[in-house]
Amino acid sequence: MEIKVLHNILEVNDRAADEVRATLAAAGVTVFNLIGGPGTGKTSLLEQVIPRLLDRRRVAVLEGDIATTRDAERIGALGVPVVQLLTGGGCHLEAVLIAKALEEFDLDALDIVFVENVGNIACPAEFDLGETAKVAVLSVTEGDDKPAKYPLLFHEMSALVLGKTDLLSLTDFDPERFERDVRGLNPKAPIFPLSCRTGEGVDSFAQWLEALHEGREPAVRPRADGDSSW
Ligand SMILES: Nc1nc2c(ncn2[C@@H]2O[C@H](COP(=O)(O)OP(=O)(O)OP(=O)(O)O)[C@@H](O)[C@H]2O)c(=O)[nH]1
Ligand SMILES: [Mg+2]
């Protein structure tokens, strides 16, 4: 008897991700997959960035959470289309769910879709969603050791947002050690220190998003000297 083997969940996911990628390419839509632990400031970042894009770009959001529609309500208040994806316990989003959710949007009427992944620094990095770029979202209050302890995300990311810089002086976060660890894992991805409380640093991240959408920036580029404002 021939036993059928489905090799692994990642293989199935990768096939769905390829289909998502093809659909997005045909529609000219750029997708940013925001990944970071619970409470690092992913939704706050979207609340800051989206208003900076809206006079030039048509934006929509897929909100991933285990439970509640709270983040989708926050994004809905910005006046952009949003779909809440509830995993019901799952710790990451998968491409099949993204494919289904994208059917809710008129992709020809969009430029940029943000995916806010489930708050988790480890599992979401393993799953290709067909996105244009993965963006790691960390904050200074989590500690500077997170890249070294959870390396996959930092290998996979095209950019890194380091949020809550307004709180830096209250923490023992060491920017030099952090950057050294990040560069050991990913020599090229730009790092954007910023604060969603003061707005400092948000403009340069928004400019990177647009440049990548327009093809002026590769998904991963070397960090320009003097980029850091911490
Ligand atoms: N001081 C300060 N607080 C911030 C900043 N960004 C976010 N916060 C706060 O951090 C908390 C979590 O922010 P969220 O944006 O909800 O975080 P999240 O990553 O979307 O959280 P989950 O979706 O639950 O994973 C909130 O109380 C925010 O007000 C910042 O730059 N500075
Ligand atoms: Mg959130």
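Counting in the working numbering, the sequence shown tops out at residue 338, every number present.
Think of the CB as a built atom: it goes at the ideal place given N, C-alpha and C, for glycine as much as any other residue.
Keep in mind it's a predicted model, so treat the numbers as computed, not measured.
Pair within 8 Å by beta-carbon distance, residue i and residue j
i, j, result
"S247", "G271", "yes"
"V290", "L142", "no"
"L260", "F235", "no"
"I183", "L154", "yes"
"V169", "V139", "no"
"G307", "Q156", "yes"
"G224", "E171", "The sequence given here has Glu at residue 224, not Gly. Yes, the Cβ-Cβ distance between E224 and E171 is below 8 Å."
"G175", "L205", "Note that residue 175 is Ala in the sequence shown, not Gly. No, they are not a contact pair."
Which of helix, strand or coil DSSP assigns to residue i
i, result
"E308", "coil"
"E325", "coil"
"I143", "strand"
"L278", "helix"
"V157", "helix"
"A175", "coil"
"I111", "coil"
"F300", "strand"
"D335", "In this prediction, D335 has a pLDDT of 48, which is less than 50 and means its spatial position is unreliable; what the coordinates show is noted afterwards. Note: D335 maps to coil in three-state DSSP."
"V221", "strand"
"V204", "helix"
"T151", "helix"
"V120", "helix"
Residue i versus the options, residue with shortest Cα-Cα distance
i, options, result
"E239", "R129, G144, D219 and D179", "R129"
"F300", "L293, G292, K254 and D311", "D311"
"A134", "E308, T177, M265 and L218", "L218"
"G251", "L276, S266, V221 and G149", "L276"
"D163", "A314, R324 and K254", "A314"
"L215", "L132, G197 and L161", "L132"
"V328", "R288, K242 and E287", "K242"
"G147", "E287, T249 and K254", "T249"
"V167", "F222, D179, K150 and L302", "F222"
Practice problem: Tell me the start and end of each unbroken alpha helix (DSSP H) in the stretch 231-271 that is at least 4 residues and wholly inside, in chain order. | Solution: 254-257 and 259-264
Self-check item: Neighbouring residues (CB closer than 5 Å to any heavy atom of ligand 2)
Solution: K150, T151 and D179
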